[in-house]
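Working notes, beginning with the structure itself.
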Amino acid sequence: MSETLTVLKLGGSVITQKDQRETVDEASLARACDAIEAVCKDERLVVVHGGGSFGHHHAAEHGVSDTDGSTDASGLTAIHRAMGELNETVVDALQERGVGALPVRPLSVAHREEGTLDLPAGSVAAMLEEGFVPVAHGDVVADSGRGGTILSGDDIVVSLSRSLLADRVGLCSTVPGVLDTAGEVIDRIDAYEDVAPALGESEATDVTGGMAHKVCQLLDLDVPASIFDLDGLERFFEDGTAGTVIAGGGSD
Ligand code: IPE
Numbered sequence: 113m114s115e116t117l118t119v120l121k122l123g124g125s126v127i128t129q130k131d132q133r134e135t136v137d138e139a140s141l142a143r144a145c146d147a148i149e150a151v152c153k154d155e156r157l158v159v160v161h162g163g164g165s166f167g168h169h170h171a172a173e174h175g176v177s178d179t180d181g182s183t184d185a186s187g188l189t190a191i192h193r194a195m196g197e198l199n200e201t202v203v204d205a206l207q208e209r210g211v212g213a214l215p216v217r218p219l220s221v222a223h224r225e226e227g228t229l230d231l232p233a234g235s236v237a238a239m240l241e242e243g244f245v246p247v248a249h250g251d252v253v254a255d256s257g258r259g260g261t262i263l264s265g266d267d268i269v270v271s272l273s274r275s276l277l278a279d280r281v282g283l284c285s286t287v288p289g290v291l292d293t294a295g296e297v298i299d300r301i302d303a304y305e306d307v308a309p310a311l312g313e314s315e316a317t318d319v320t321g322g323m324a325h326k327v328c329q330l331l332d333l334d335v336p337a338s339i340f341d342l343d344g345l346e347r348f349f350e351d352g353t354a355g356t357v358i359a360g361g362g363s364d
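According to the numbering used here, the sequence shown is numbered sequentially starting from 113.
Written out as structure tokens, the structure is:
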């Protein structure tokens, strides 16, 4: 097995039907899992998935976002449980293909303090060491002075990529990349100012922000990150050039 470590996020809108409550997009999940099965024989992989129609509807109902908290334990639990169901579905689909997927549930270990996320990565690192594929999900987390807030899959990707010193990062989304004002995929982004005019907001209910937020977070990483759609997933695994490559602070 190569030492390369990839952190891949499967966007909630890729693996669920985002406008239809708690509905998995079976065909898309199967495609993603097939691609993961092929690659994880040769390299270490951490999978993170978003909420889609499992997380965001519950979060909106309980008035919870990444900044708006709630002290309603049953509401927070409803969000966490829905995410747990989706996580089970993803883990099962991977295990059916012989992938050693293990669930990672952030609520039990992560928290935010003054806006800063603390997500210990020791268990994930140990799973990788033992040849497993950790599968974490966007979740609710305790947040100092706010009760509980939403921890997005993107935030988990950024945090784990840093702590585990990932070699590459991929966000599999429903768009083929970051689009310019003419609707064409931008091949490479080195600075946020270059793309600021082109970045709009995500259309469906999404409590953790759209493309602009993703690009800013990924630019802050030390390694290259790519945003692509399901059609680009295999290419991303092959050579990392799918969709839009976001240079990251450590590259030239
Ligand atoms: C949201 O995670 C998780 C919850 C709402 C609990 P993300 O923000 O990463 O989800 P997607 O990928 O946009 O659906």
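All residues carry an ideal CB built from backbone N, CA and C; glycine is no exception.
Point to revise | Three-state class that DSSP yields for Lys-153 in the structure shown | key: coil
Review point. How about Leu-272: is its Cβ closer than 8 Å to a heavy atom in the ligand IPE?
Key: no
Exercise for review: Kindly examine the ligand IPE and report whether one of its heavy atoms sits closer than 8 Å to the Cβ of Gly-125.
Suggested key: The amino acid at residue 125 is misidentified as Gly; the sequence shows Ser. The answer is yes for Ser-125.
Exercise for review: Find out if the Cβ-Cβ distance for the pair Gly-355, Asp-334 is shorter than 9 Å.
Suggested key: no
Check your understanding: How far does the alpha helix (DSSP H) with Leu-198 in it reach, from first residue to last?
Key -> 185-208
Review point. For Gly-344, which residues of its own chain have a beta-carbon under 7 Å away from its beta-carbon, when the five flanking residues on both sides are left out?
Key: Pro-288, Ala-354, Gly-355
Exercise for review: Work out the CA separation of Asp-230 and Val-269 for me, nearest whole Å.
Suggested key: 13 Å
**Study point:** Cβ-Cβ separation, Val-126 to Ala-150 (assumed contact under 8 Å), whole Å
**Key:** Contact flag wrong, Cβ pair sits at about 17 Å.
Check your understanding: Assuming Leu-219 contacts Val-245 under a Cβ cut-off of 8 Å, what Cβ separation, rounded to an integer in Å, is found between them?
Key -> At roughly 20 Å, the Cβ-Cβ gap does not stay under 8 Å, so Leu-219 and Val-245 are not in contact.
Check your understanding: Can you pull the DSSP bridge partners for Leu-283?
Key -> Lys-121, Ile-339
Review point. Expressed to the nearest angstrom, what Euclidean distance is found between the alpha-carbon atoms of Gln-207 and Ala-213?
Key: 6 Å
Point to revise | Continuous beta strand (DSSP E) stretch holding Glu-350: start and end | key: Where Glu-350 is concerned, there is no enclosing beta strand (DSSP E), although the alpha helix (DSSP H) it sits in stretches over 345-351.
Point to revise | Enclosing alpha helix (DSSP H) for Arg-274 [first to last residue] | key: 265-275
**Study point:** For Asp-251, the first and last residue of its enclosing beta strand (DSSP E)
**Key:** 251-255
Practice item. For my contact list, Phe-348 and Phe-340 are in at a C-beta cut-off of 8 Å; report their separation, rounded to the angstrom. Key: 6 Å
Point to revise | Identity of the residue in Ala-185, Asp-267, Ser-285, Asp-184 nearest Gly-164 by Cα | key: Ser-285
Exercise for review: Answer yes if the stretch 255-274 comes into contact with the stretch 298-312, meaning at least three C-beta pairs across the two stretches below 8 Å, and no otherwise.
Suggested key: no
Review point. Quick one: Cα of Leu-122 to Cα of Ala-142, how far?
Key: 12 Å
**Study point:** Unbroken alpha helix (DSSP H) run spanning Ala-171, endpoints
**Key:** 164-173
Review point. Can you tell me whether Lys-153 is buried or exposed, with buried defined as 16 or more other CB within 10 angstroms of its CB?
Key: exposed
**Study point:** Straight-line gap, Lys-326 to Ala-172 (C-alpha atoms, nearest Å)
**Key:** 20 Å
Review point. In chain order, what residues of the same chain have a beta carbon less than 6 Å from the beta carbon of Leu-87, not counting five sequence neighbours either side?
Key: Residue 87 cannot be examined here, being either before or after the span of the chain that is shown, 113 to 364.
Check your understanding: Per DSSP, what kind of secondary structure is Ser-177 in: helix, strand or coil?
Key -> coil
Practice item. Would you mind sorting Thr-128 into buried or exposed? The rule is 16 or more other CB atoms within 10 Å of its CB. Key: buried
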